[in-house]
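Asker:
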Amino acid sequence: METCKAKRGFFSLRDCGEPVAKKCALCSRPMCTHHLSPASGYTRCLDCDARQAEQKVAGGTANVNDPSWPYRYRSSYWRTRGYSPIYGGYYYDPYYNDYDFRSFDSDMARRGPSTASDSGDTTGFGDS
Amino acid sequence: MKTMTPLSPEQQRLAQSMLINVNRPIDDVLALLRGLSALDQELTARRKNASKILGVSIVIVFIGLILARKSFGGAHFAHYIVVALTVAAVIAAIASAVMYKRLKKADLTDDLTNSAIPFLTLLREDMNSGGTIHVKIDLRSAAINEKKVKENRPKDPRFTKIIESFFVNPWFSGNVVLADGTRLDWEVIDKLLQRVRTKRNPRGKYKTKTKEKWHVVGGVTVAFPTKQYAVADASADEKRHTIKLKRKVKTDSKGSSAFDVLVDMIAEAYGGVAVARRS
Ligand SMILES: [Zn+2]
Ligand SMILES: [Zn+2]
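Going line by line, the protein sequences match chains A and B.
Quick note: the first sequence uses the working numbering, first residue 483, plus one each step.
Quick note: the second sequence uses the working numbering, first residue -9, plus one each step.
The structure is reproduced here in structure tokens:
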């Protein structure tokens, strides 16, 4: 069964993993019902919705009851405050390349000796 | 008080007691708080209306009293209308003043809408679906007698009277175990210095000015499970690395200070750990 490719969380991230309802019209990632934005008529994912909205409104707590608010807020917070959320899941997704995630592998790469490798590690995040 | 916002019996009870202490699934907690926030916004709008009506009716009373002295060239009818309007304006002024006072008393802290709801909405993202959370919120104003810890009356020749009141308001706390196994405890204590200064101007009129200074003090304890996380400098037992942080924000108007300070502290705690193993 195909599962939702959204990553959930603010301080630490994990794979959503809920059953897929539809593909996002913008990024074509498969999404569950919770990760499709009601404001877009359930056509776009919350992350895409947040990225679009972010162009217009900055962070802050306006529209906090809108399901895409946490996604808008995290996107702006991670970027402006330089916060790197911890990622505890398994899937590398280039969709999130704009952010610097910390995962098991990237932490090992950071701490280990001479491991700034470019050995095609697909699960290491954001040390580029 | 009758309201437009549909409320559950529990929400009505909480709007009265203004004290929340629940341990429930996060979605239930948010639904409860969002209802109270909507109610508060409705009551605030009505309070503003009441104060407008009060202002307008006071003006009408003054104009009425001036006009009532005139004879209108013996036109009794016009005189009666002026008197009737003035009396109606007096009644409207009293009614709106009573309404304003009642609504003022029912006013919930803006921190609910500006800080508590955004904070819990964000935490929800880090929780397992259906996970429970313990939340305590005191929705009453910080400037109430029960929260006053000190009062000074400093002397200053430029003022007739100065009253400085200090209030301590521990209004927001709770704890939760997040999806990654991390246990979070948080607390926000607002400290308020309210300075009310009364001055007599050259025309002999008394004028009172109120100034407020806030210290928003946030504290978090973030206990990371040692299974997944490695921490360089934190007190640790077998199961958890514990990071405690405390921070103070000074401000004249609070806005979302409590939300900002809590999020920043938790982010800082997470920033200090490394991933030891996949969760
Ligand atoms: Zn998308
Ligand atoms: Zn999902």
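All C-beta atoms, glycine included, are put in the ideal place defined by N, C-alpha and C.
Given the structure is predicted, the values throughout are model-derived calculations rather than measurements.
Spatial neighbours of Lys201 (chain B) within its chain, please: CB distance less than 6 Å, with the 5 preceding and 5 following residues excluded, ordered by chain position.
Answerer: Within the second sequence, residue 201 (chain B) is the residue found at index 211, counting from 1. If you ignore the 5 residues before and after Lys201 (chain B), its C-beta comes within less than 6 Å of the C-beta of Arg185, all in its own chain and listed in chain order.
Asker: For Met483 (chain A) and Pro108 (chain B), I'd like the C-alpha separation in whole angstroms.
Answerer: In the first sequence, counting from the first residue as 1, residue 483 (chain A) sits at position 1. In the second sequence, counting from the first residue as 1, residue 108 (chain B) sits at position 118. Those two C-alpha atoms are separated by around 34 Å.
Asker: Within the 8 Å Cβ cut-off, does Met483 (chain A) reach chain B?
Answerer: Sequence index remark: in the first sequence, residue 483 (chain A) carries index 1 (1-based). So no, Met483 (chain A) is outside the interface.
Asker: If you count every other CB in all the chains shown that lies within 10 Å of the CB of Thr651 (chain A), and 16 or more means buried, which is it?
Answerer: This structure does not reach residue 651 (chain A), given that chain A is present from 483 up to 610, and the question cannot be answered.
Asker: Along chain D, which residues have their Cβ under 7 Å away from the Cβ of Val502 (chain A)?
Answerer: Absent from the structure is chain D; the protein chains it does hold are A and B.
Asker: Within the present structure, is the beta-carbon of Ala488 (chain A) separated from the nearest heavy atom of ligand 2 by less than 7 Å?
Answerer: The sequence position of residue 488 (chain A) within the first sequence is 6, counting from 1. Checking the Cβ of Ala488 (chain A) against ligand 2 gives yes.
Asker: Please specify which runs of the beta strand (DSSP E), each continuous and at least 3 residues long, are wholly inside the stretch 68 to 124 of chain B, giving them in chain order.
Answerer: none
Asker: In terms of residue numbering, what span does the alpha helix (DSSP H) encompassing Tyr219 (chain B) cover?
Answerer: The residue you call residue 219 (chain B) lines up with position 229 of the second sequence. Taken as a continuous stretch (DSSP letters only), Tyr219 (chain B) belongs to no alpha helix (DSSP H), being part of the beta strand (DSSP E) at 219 to 221.
Asker: Could you tell me if Phe52 (chain B) is buried or exposed, where buried requires 16 or more neighbouring beta carbons within 10 angstroms of its beta carbon?
Answerer: Counting from one through the second sequence, the residue named residue 52 (chain B) turns up at place 62. Exposed, because fewer than 16 other Cβ atoms sit within 10 Å of the Cβ of Phe52 (chain B).
Asker: For Thr211 (chain B), which residues from the same chain have a beta carbon less than 6 Å from its beta carbon, with the 5 sequence-adjacent residues on both sides left out?
Answerer: On the second sequence, residue 211 (chain B) is found 221 positions in, with the first residue counted as 1. Result list for Thr211 (chain B): Asp175, Lys234, in chain order.
Asker: At the level of alpha carbons, what is the spacing between Glu177 (chain B) and Lys(-8) (chain B)?
Answerer: On the second sequence, position 187 is the one that residue 177 (chain B) refers to. On the second sequence, position 2 is the one that residue -8 (chain B) refers to. So the two alpha carbons sit approximately 34 Å from each other.
Asker: Cβ atoms of Thr(-5) (chain B) and Asp97 (chain B): under 8 Å apart, would you say?
Answerer: For the purposes of this step, residue 97 (chain B) is identified with residue 107 of the second sequence, where counting begins at 1. For the purposes of this step, residue -5 (chain B) is identified with residue 5 of the second sequence, where counting begins at 1. Not a contact, by the Cβ cut-off of 8 Å.
Asker: Using a Cβ-Cβ cut-off of less than 8 Å, list which residues of the stretch 545 to 567 of chain A approach chain B; keep chain order.
Answerer: Within the stretch 545 to 567 of chain A, the residues whose Cβ lies closer than 8 Å to some Cβ of chain B are Val546, Asn547, Trp551, Pro552, Tyr555, Arg556, Tyr559, Arg563, Tyr565, Ser566, Pro567, listed in chain order.
Asker: With a Cβ-Cβ cutoff of 8 Å, do Val271 (chain B) and Phe586 (chain A) count as a contact?
Answerer: Outside the shown range of chain B (-9 to 269) lies residue 271 (chain B), about which nothing can therefore be said.
Asker: Hey, how far is the Cα of Thr103 (chain B) from the Cα of Asp250 (chain B)?
Answerer: Taking the first residue of the second sequence as 1, we reach residue 103 (chain B) at position 113. Taking the first residue of the second sequence as 1, we reach residue 250 (chain B) at position 260. Straight-line Cα distance between these residues: approximately 13 Å.
Asker: If the cut is a Cβ gap below 8 Å, which residues of chain A does Lys187 (chain B) touch?
Answerer: For this step, residue 187 (chain B) is matched to residue 197 along the second sequence. Note that residue 187 (chain B) corresponds to Arg in the displayed sequence, not to Lys. Going along chain A, no residue has its Cβ under 8 Å from Arg187 (chain B), so there is no contact; the nearest lies around 33 Å.
Asker: Does the contact criterion of 3 or more C-beta pairs under 8 Å hold for the stretch 119 to 138 of chain B versus the stretch 0 to 12 of chain B?
Answerer: yes
Asker: Would Arg533 (chain A) pass as an interface residue toward chain B - the criterion being a Cβ-Cβ separation below 8 Å?
Answerer: Here residue 533 (chain A) is taken as the residue at index 51 of the first sequence, counted from 1. Chain B, which has no Cβ nearer than 8 Å to the Cβ of Arg533 (chain A), makes this no.
Asker: At least one CB of chain B closer than 8 Å to the CB of Ser522 (chain A): is that the case?
Answerer: For the purposes of this step, residue 522 (chain A) is identified with residue 40 of the first sequence, where counting begins at 1. Cβ-Cβ to chain B under 8 Å: no for Ser522 (chain A).
Asker: Identify the contact partners of Gly499 (chain A) in chain B, using a Cβ-Cβ distance below 8 Å as the criterion.
Answerer: Start at 1 with the first residue of the first sequence, and residue 499 (chain A) comes out as number 17. None at all; the shortest Cβ gap to chain B is about 10 Å.
Asker: Say the cut is 7 Å; is the CB of Leu508 (chain A) nearer than that to a heavy atom of ligand 4?
Answerer: Questions concerning ligand 4 fall outside what the structure shown contains, since the ligands it does hold are ligand 1 and ligand 2.
Asker: Sorry if obvious, but does the Cβ on Met513 (chain A) come closer than 7 Å to a heavy atom of ligand 2?
Answerer: As a first step, residue 513 (chain A) is located in the first sequence; it is residue number 31 there, counting from the start. Yes, ligand 2 has a heavy atom inside 7 Å of this Cβ.
Asker: Mind checking the stretch 110 to 123 of chain B against chain A and listing, in chain order, the residues whose C-beta falls within less than 7 Å of any C-beta there?
Answerer: Thr111, Leu112, Glu115, Asp116
Asker: From the beta carbon of Arg584 (chain A), is the nearest beta carbon of chain B less than 8 Å away?
Answerer: By one-based count along the first sequence, residue 584 (chain A) stands at place 102. Closer than 8 Å to some Cβ of chain B, the Cβ of Arg584 (chain A) qualifies, so yes.
Asker: Less than 8 Å between the beta carbons of Ser47 (chain B) and Ala83 (chain B), yes or no?
Answerer: By one-based count along the second sequence, residue 47 (chain B) stands at place 57. By one-based count along the second sequence, residue 83 (chain B) stands at place 93. Using a Cβ distance threshold of 8 Å, Ser47 (chain B) and Ala83 (chain B) count as a contacting pair.
Asker: Taking beta-carbon pairs under 9 Å, can you tell me which members of the stretch 154 to 165 of chain B lie near chain A?
Answerer: none
Asker: Does the CB of Asn104 (chain B) have a neighbour CB from chain A at under 8 Å?
Answerer: On the second sequence, position 114 is the one that residue 104 (chain B) refers to. Residue contact check for Asn104 (chain B) against chain A: a CB pair falls below 8 Å.
Asker: Within 7 Å: the Cβ of Arg563 (chain A) and any heavy atom of ligand 1?
Answerer: For this step, residue 563 (chain A) is matched to residue 81 along the first sequence. Incorrect: Arg563 (chain A) has no Cβ contact closer than 7 Å to ligand 1.
Asker: Since Ser246 (chain B) meets chain A, which of its residues come closer than 7 Å, beta carbon to beta carbon?
Answerer: On the second sequence, residue 246 (chain B) is found 256 positions in, with the first residue counted as 1. What Ser246 (chain B) touches in chain A: Thr543.
Asker: For the alpha helix (DSSP H) that contains Ser557 (chain A), what are its first and last residues?
Answerer: In the first sequence, residue 557 (chain A) corresponds to position 75, counting from 1. Judged by DSSP secondary structure, Ser557 (chain A) falls within the alpha helix (DSSP H) whose first and last residues are 551 to 563.
Asker: I believe Leu112 (chain B) touches Val253 (chain B) by the beta-carbon criterion, under 8 Å. Please report the beta-carbon distance rounded to the nearest angstrom.
Answerer: Taking the first residue of the second sequence as 1, we reach residue 112 (chain B) at position 122. Taking the first residue of the second sequence as 1, we reach residue 253 (chain B) at position 263. Rounded, the Cβ-Cβ distance is 7 Å, consistent with contact.
Asker: Measure the C-alpha to C-alpha separation of Thr485 (chain A) and Thr241 (chain B) and round it to an integer number of angstroms.
Answerer: The count along the first sequence starts at 1 and reaches residue 485 (chain A) at position 3. The count along the second sequence starts at 1 and reaches residue 241 (chain B) at position 251. Their Cα atoms are separated by approximately 46 Å.
Asker: Out of curiosity, what's the CA-to-CA distance linking Ser86 (chain B) and Tyr260 (chain B)?
Answerer: Translated into positions along the second sequence, residue 86 (chain B) becomes position 96. Translated into positions along the second sequence, residue 260 (chain B) becomes position 270. Cα to Cα, the separation comes out at about 51 Å.
Asker: Return the first residue and the last residue of the alpha helix (DSSP H) that Asn39 (chain B) is part of.
Answerer: Within the second sequence, numbered from 1, the residue matching residue 39 (chain B) stands at position 49. Taken as a continuous stretch (DSSP letters only), the alpha helix (DSSP H) holding Asn39 (chain B) covers 16 to 59.
Asker: By alpha-carbon positions, which one of A:Leu518, A:Asn545, A:Tyr574 ends up nearest to Asp531 (chain A)?
Answerer: As a position in the first sequence, residue 531 (chain A) is number 49, starting the count at 1. Per the Cα distances, A:Leu518.
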